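Each residue of the sequence shown is one higher than the one before, starting from 4 at the first, in this note's numbering. Okay, so here's the structure we're looking at.
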Amino acid sequence: MMKNDKKAQDEVLDDETQVEPIYDNAPSVEVSYEALEETIDGDPEEEALQNIIDTKHTDGSTTDPFVASEQGMVYTPPSDPPVLPSDDLQGAEVATGFAQSMEESNPDVEDLPARVDNQDLDLEEDVRVSLHNNSETGNLENVRVRVRNGVVLLAGTVFSEDDIGIVEEQIRDLDGVVEVVNGLTVAAERA
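Next up, the structure:
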């Protein structure tokens, strides 16, 4: 084995002696001392800090996707619609996004489907949240609420007659409540 290692070392030495140095004819560049000082004085960290957007005094968004990805900001695409070229300076036409039919219709007048424009569902949620967030009614877990055309239907059990009055009074104070139909009963005391 020793002879094989010696032979391999001799081959490596032969290869090294055959290699020509590549730096004998290296190009040289002359730089003035002032130019060298300017490059040394230019702090890359300071330059990077100058490019950071001040999010303390802005909303933290940008219309530049590259800045948004580099600095972890919210990318907000430009809101200008694309326009078709025109010879007339006043005649810029919107290419996409805003059809004339959309501009002519009034979204406030349109009839929305009953499932979309269901104020009863919103009122029902408001009643549940109000009962849950109140310290006097937050512990009442057996109260069921239904709303139809602004009329609140209550069903279930509470701990006392006082709770029935508190629940009804609290619900009557909510916006949108037309009437309260109280079907609450007092739970039987457990022995």
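Heads up, the beta-carbon is just placed ideally off N, CA and C, and yes, glycines get one too. Source: prediction; values computed, not measured.
| Check | Outcome |
| --- | --- |
| Backbone CA spacing between Y36 and S64 [nearest angstrom] | 43 Å |
| Between the CA atoms of F162 and A194 - distance to the nearest angstrom | Per-residue confidence for A194 stands at a pLDDT of 39, beneath the threshold of 50, marking its modelled position as unreliable; the derived number appears in the next sentence. So the two alpha carbons sit approximately 14 Å from each other. |
| Beta-bridge partners of S64, as assigned by DSSP | V77 |
| G179 and G153 closer than 8 Å at C-beta | yes |
| Check whether L156 and V170 have beta carbons under 8 Å apart | no |
| Counterpart residues of G159 in DSSP-defined beta bridges | V146, L187 |
| Closest Cα partner of R149 within the set L143, G75, V183, N137 | V183 |
| Element boundaries [alpha helix (DSSP H), containing V179] | In the sequence as presented, Val is not what sits at residue 179; that position holds Gly. That residue, G179, is in no alpha helix (DSSP H); it is neither H nor E in DSSP. |
| Helix, strand or coil at V32 [DSSP, three-state] | coil |
| Endpoints, alpha helix (DSSP H) assigned at E128 | 122 to 136 |
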